[in-house]
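Let me begin by presenting the structure, written as structure tokens, before commenting on it.
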Amino acid sequence: MGESLVIEERDGVAWVTLNRPERLNALSRELIRSLNHYFIELYQRDEIRVVVLRGAGRAFCAGLDLKERHGAPTERQVQEALNGQREVRDIMVNMRRCPQPIIALVQGSASGGGFALALASDIRLITPDARFNAAFIRIGLGGCDVGVSYFLPRMVGSSVAAEYLLTGRFMDAGRAHQLGLASRVDELPALEEEARSLIDDMLATTPLGLRLTKDALGLAVDLPSLEAVVALEDRNQILCVKDDNFAEGVAAFLEKRPPRYA
440 MGESLVIEER
450 DGVAWVTLNR
460 PERLNALSRE
470 LIRSLNHYFI
480 ELYQRDEIRV
490 VVLRGAGRAF
500 CAGLDLKERH
510 GAPTERQVQE
520 ALNGQREVRD
530 IMVNMRRCPQ
540 PIIALVQGSA
550 SGGGFALALA
560 SDIRLITPDA
570 RFNAAFIRIG
580 LGGCDVGVSY
590 FLPRMVGSSV
600 AAEYLLTGRF
610 MDAGRAHQLG
620 LASRVDELPA
630 LEEEARSLID
640 DMLATTPLGL
650 RLTKDALGLA
660 VDLPSLEAVV
670 ALEDRNQILC
680 VKDDNFAEGV
690 AAFLEKRPPR
700 YA
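Numbered according to my numbering, the sequence shown spans residues 440 to 701.
Put into structure tokens, the structure is as follows:
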């Protein structure tokens with residue numbers, strides 16, 4: 440990985456830091472490639488069980504680095520531009536495909552692609568100065584980009600999503616918490632402690648149970664009926680029962696001790 444993305448892996452947790460603080464962690468080509476590579480790689484890495492995504496400095500991510508990509512594509516460059524567009528959107532797809540829960544620690548600005556990174560995470564913990572917006576519509580593009588129009592209506596409803604996607608207005612931390620977009624608002628040190636508390640609870644689950652829970656939560660949003668959702672849940676529960684760790688989980692619960700999973 441390049442220096443624009445710093446990854447620390449320890450005790451089953453990956454701390455993934457966007458590391459371009461001088462550019463408010465704007466998404467450069469190198470950073471985009473590194474994020475895609477890492478989230479694809481995580482699909483096969485059972486030893487990593489939880490991911491924490493954060494930004495260095497005073498912002499989470501200011502979106503695409505426009506200075507690096509300044510200028511409209513010519514006709515000859517359209518396919519190249521489309522490939523670049525797909526590279527950015529693939530980050531969000533790969534974040535949802537990777538089986539590890541992702542906790543986002545958001546401070547300062549999360550704009551455009553940074554907004555999408557936060558929305559593609561499973562849990563958002565934000566500072567009082569955090570603010571989100573779909574910046575695309577303010578720079579001559581449509582307001583629906585890189586997955587934001589998929590995530591936002593499902594999280595906050597169609598009217599509120601339209602309010603922000605049609606205008607590019609900023610959503611402050613208080614509104615984000617009120618709408619349920621963020622789980623907690625606090626200063627960054629307190630959020631890091633909360634992230635560690637969440638991690639401890641997640642690591643107390645079976646590896647298979649944790650992965651299948653993220654999988655089911657992602658799929659259930661789009662399934663067409665209650666019957667389809669409970670069929671998915673039934674399938675996942677039987678897979679967990681057949682896992683060797685199930686007996687240890689039950690024994691640890693009955694004996695009131697921490698589980699020792701294989």
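Glycine is no exception: its CB is placed at the ideal position from the N, C-alpha and C atoms.
- For a cut-off of 8 angstroms, the C-beta gap from A574 to G551 is around 4 angstroms, short enough to register as a contact.
- Secondary structure remark: continuous beta strand (DSSP E) runs of at least 3 residues inside the stretch 499–586, in chain order: 541–545, 548–550, 562–565 and 570–572.
- Sorting G496, V527 and L544 by C-alpha distance to the C-alpha of D625 places L544 at the top.
- Residue range N684 to E694 is occupied by the alpha helix (DSSP H) that includes E687.
- In the structure shown, V660 falls within a coil segment according to DSSP collapsed to helix, strand and coil.
- In this structure, DSSP gives L605 a state outside helix and strand, which the three-state scheme calls coil.
- Rounded to whole angstroms, the gap between the alpha carbons of I487 and T645 is 13 angstroms.
- Cα atoms of L503 and S560: separation of roughly 18 angstroms, rounded to the nearest angstrom.
- The C-beta separation of G648 from C679 comes to about 5 angstroms, placing the pair in contact by the 8 angstroms criterion.
- In the structure shown, the three-state DSSP call for A453 is strand.
- Taken through DSSP and simplified to helix, strand or coil, I487 comes out as coil.
- Taking the Cα positions, T566 is about 10 angstroms away from G613.
- Relative to L481, the option among A498, N458, A453 and N684 whose CA is nearest is A453.
- DSSP lists no bridge partner for D654.
- Setting aside the 5 residues that flank it on each side, V585 is surrounded in the same chain by V527, R528, M531, G552 and A555, each with a C-beta closer than 7 angstroms to its C-beta; the list follows chain order.
- Distance between L463 and S443, taken at the CA atoms: about 11 angstroms.
- Around the CB of R696, fewer than 16 other CB atoms lie within 10 Å, so the residue is classed as exposed.
- Here the alpha carbons of S598 and Q617 stand approximately 15 angstroms from one another.
- In this chain, R459 is not harboured by any alpha helix (DSSP H), its DSSP state being neither H nor E.
- In the three-state reduction of the DSSP assignment, E626 falls in the coil class.
- Closest in C-alpha terms to F499, from the list L642, L457, Q518 and R608, comes L457.
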